[in-house]
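Notes follow once the structure below has been shown.
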Amino acid sequence: MNNPLLLPVIMAGGSGTRLWPLSRELFPKQFLALDGQQSMLQATIARLDGLTGTQPLVICNEAHRFLVAEQLRQVAALARNILLEPAGRNTAPAIALAALHATAAGADPLLLVLAADHVIQDTPAFQAAVRTALPLAEAGSLVTFGIVARQPETGYGYIKRGAAVAAGAWAVERFVEKPAFEVAQAYVASGDYDWNSGMFLFKASRYLQELERHRPDILAACRAAMAQPQPDLDFVRVDAAAFRACPDESIDYAVMEPTDAAVVVPMDAGWSDVGAFAALWEVLPRDDDGNVHRGDVLAHDSHNNLVFAENALVATVGLNDHVVVQTKDAVMVAPRERASEVKQIVAQLKASGRNEHQIHREVYRPWGHYDSIDSGPRYQVKRITVKPGQKLSVQMHHHRAEHWIVVSGTARVTLEGQDHLLTENQSIYLPVGAVHALENPGKIPLELIEVQVGSYLGEDDIVRLEDRYGRA
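All residue numbers for the sequence shown refer to the UniProt record's numbering, where the first residue is 1 and numbers rise by one.
This is the structure:
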């Protein structure tokens, strides 16, 4: 049964690179369709079906806003419900923004706080745990969901159960940092410890009360940031300067550890935070040889591998217990149990001034996306896709000229105040310094090839004069 007073709050910030090159800073794992169907964000929304009739409130950072909006639109969950963080300040301030936003009009919903980048394989078990927690949260408890520990793990924090407070719920005796392996073994053997999932349920007002009690400095900064929220298309913006002044703190340290109202509800739902490729191999379906294949993959005498092929054939011969990831601009190969060391590659990319840790070759924009097909000294070639009814900004460039060739669909090009309607196999030239805009007036996606020529081809040579997405 739907609970209209239950507001899901989905934390979609973060820019982890532990799944590089699939995941990048501007396209982190919560936006990846790891099962080939829905993204992790979309799957998080889908598993709420039947729990609440309220669209979720999604919290993300500025750089990901249009990506979040597009993914919500695809699953009919876009309802001006994206709250933008001006800067990353960890979970305690982010949830405070959500609670203040939820109570601004006098309501006091239960907040179901979820991460957008978790895998949960058993949706009924997930929903059953939430329903167990509902009356406890309504009565004023701050509920955290503990994952039933099946084996010792040193990569997770733990929650020790105290006295039982209701059927399927215990008071939290204490939170424990990530333990050594022998300690984790003892925790699991005792049956008194669950993994700390980072999922919560509580009344918005109760969270704010406990935050004021234990970290009034965080609450004061968040109240200042939310004093005059600004609607912007599908987004809600807060005062950036006030929020940047907020301390950086997790909800565990700020509220859940010091409060005397913490309750843990165990959840056994096939949960994983997919923190590394080894964890991804564990949760995805495997074939008879233990392989997980995505894309165009051929294998001979190969076992227990995780192979992603984005746009090329990947073949393995006699390969065992490895991860192979092929994207349009990178290939990563590692033994499965050492794949988490990819963070060292990301560090090298940053240190050398490269950008493969930040962006994919394919980049998403509010109007569609582009794929950088080829580049060299003084030239760059892109394939641009513009969604029906969408328009790029009115802009100009100081250092490059552009040639546009329409592949399919219809383009309305405004060049120095004059409109030109182009269809398949027609082209237009845009000189250096010319003011121009591109729009898709049709009903199908517009696809065109853009050839840039000039002395400097960086994205920061875009001077936006008008923009319907607020980027001018």
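The beta-carbon is built from N, C-alpha and C at its ideal position, and this holds for glycine as well.
What's the call for residue i, buried or exposed, on a 16-neighbour Cβ count within 10 Å?
| i | result |
| --- | --- |
| E85 | buried |
| F181 | exposed |
| G53 | exposed |
| A186 | exposed |
| L57 | buried |
| L465 | exposed |
| K203 | buried |
| Y456 | exposed |
| T17 | buried |
| N425 | exposed |
| N440 | buried |
| residue 491 | Given a span of 1 to 472 for the chain in the structure shown, any question on residue 491 remains unanswerable. |
| I444 | exposed |
| N196 | buried |
| T154 | exposed |
| S190 | exposed |
| G376 | exposed |
| V333 | exposed |
| P258 | exposed |
| Q71 | buried |
| R73 | exposed |
| G198 | buried |
| G13 | buried |
| H64 | buried |
| V68 | buried |
| E210 | buried |
| V143 | buried |
| L421 | exposed |
| K178 | exposed |
| S352 | exposed |
For the beta strand (DSSP E) that residue i lies in, which residues bound it at each end?
| i | result |
| --- | --- |
| L465 | V463 to E466 |
| I384 | Y379 to V386 |
| Q395 | V394 to M396 |
| V363 | E362 to R365 |
| R131 | Here R131 belongs to no beta strand (DSSP E); instead the alpha helix (DSSP H) covers T123 to E138. |
| H420 | Q418 to L422 |
| A299 | V297 to H300 |
| R286 | That residue, R286, is in no beta strand (DSSP E); it is neither H nor E in DSSP. |
| T410 | Careful: T410 lies outside any beta strand (DSSP E) and carries neither H nor E. |
| I359 | Looking at the DSSP string, I359 is not in any beta strand (DSSP E), and its letter there is neither H nor E. |
| H369 | G368 to G376 |
| L448 | L446 to G454 |
Tell me the residue span of the alpha helix (DSSP H) that contains residue i.
| i | result |
| --- | --- |
| H436 | H436 -> not in any alpha helix (DSSP H); beta strand (DSSP E) instead, spanning H436 to E439. |
| H101 | T91 to T103 |
| T144 | No alpha helix (DSSP H) contains T144, which is instead part of the beta strand (DSSP E) from L142 to V148. |
Keeping to the same chain, check which residues put their C-beta closer than 6 Å to that of residue i; ignore five residues upstream and five downstream.
| i | result |
| --- | --- |
| I384 | Y370, L448 and E450 |
| D374 | V381 |
| S372 | R361 and K382 |
| L349 | E356 and H357 |
| L446 | V386, G409, A411 and N440 |
| A330 | P21 and E356 |
| T132 | G168 and V265 |
For residue i, I'd like the list of residues in its chain whose CB is within less than 7 Å of its CB, leaving aside the five on either flank, ordered along the chain.
| i | result |
| --- | --- |
| L5 | P109 and L110 |
| L319 | S302 and N305 |
| F326 | Looking at the sequence shown, residue 326 is not Phe but Gln. Only F308, A309, E310, A312 and V314 meet the Cβ criterion. |
| D248 | R89 and N90 |
| A224 | D239 and A242 |
| K343 | T17 and R18 |
| R471 | S393 and R464 |
| A116 | I10, M11, A12, Q30, M40, L41 and T44 |
| A33 | S39 |
| residue 530 | Outside the modelled stretch of the chain, which goes from 1 to 472, sits residue 530, for which no answer is possible. |
| A227 | D239 |
Among the residues of its own chain, which have a CB less than 8 Å from the CB of residue i, if the five just before and after it don't count?
| i | result |
| --- | --- |
| A347 | none |
| D296 | A309, A312, L313 and V314 |
| I359 | R24, E25, L26 and F27 |
| V432 | H397, H398, H399, R400, A401 and G454 |
| R215 | A92, P247, E249, A254 and V255 |
| P335 | D321, H322 and V323 |
Hey, is residue i close to the ligand ZN, as in C-beta under 7 Å from one of its heavy atoms?
| i | result |
| --- | --- |
| A299 | The model on display carries no ligand, and the ligand ZN is accordingly not part of it. |
Counting only runs of 4+ residues fully inside the stretch 161-210, write out the alpha helix (DSSP H) ranges in chain order. 181-190
What are the complete beta strand (DSSP E) segments, minimum 3 residues, inside the stretch 205-278? 230-232, 235-237 and 262-267
Given 8 Å as the limit, is there contact between the stretch 214-232 and the stretch 129-142, that is, 3 or more CB pairs closer than that? Because the criterion of three Cβ pairs below 8 Å is not met, the stretch 214-232 and the stretch 129-142 do not touch.
Can we say the stretch 237-248 touches the stretch 108-125, given the rule of at least three CB pairs closer than 8 Å? no
Jot down the residue ranges of each uninterrupted alpha helix (DSSP H) in the stretch 8-87, minimum 4 residues, whole runs only, in chain order. When DSSP assignments are scanned along the stretch 8-87, the uninterrupted stretches of alpha helix (DSSP H) that are 4 or more residues long and fall wholly within it turn out to be 40-46 and 65-74.
Entirely enclosed beta strand (DSSP E) segments - the stretch 326-357, minimum 3 residues: If we require 3 residues or more, the beta strand (DSSP E) runs fully inside the stretch 326-357 come out as 331-335.
Does the stretch 29-46 touch the stretch 74-90, meaning 3 or more C-beta pairs lie closer than 8 Å? Yes, since at least three Cβ pairs between the stretch 74-90 and the stretch 29-46 fall closer than 8 Å, the two stretches touch.
Cβ contact check for the stretch 450-469 and the stretch 372-383: 3 or more pairs under 8 Å: yes
Given 8 Å as the limit, is there contact between the stretch 148-167 and the stretch 99-106, that is, 3 or more CB pairs closer than that? Not touching, per the Cβ criterion.
Hey, is the stretch 147-157 in contact with the stretch 308-328, meaning 3+ C-beta pairs nearer than 8 Å? no
Examine the Cβ distances between the stretch 282-291 and the stretch 259-267 and report whether three or more of them are shorter than 8 Å. no
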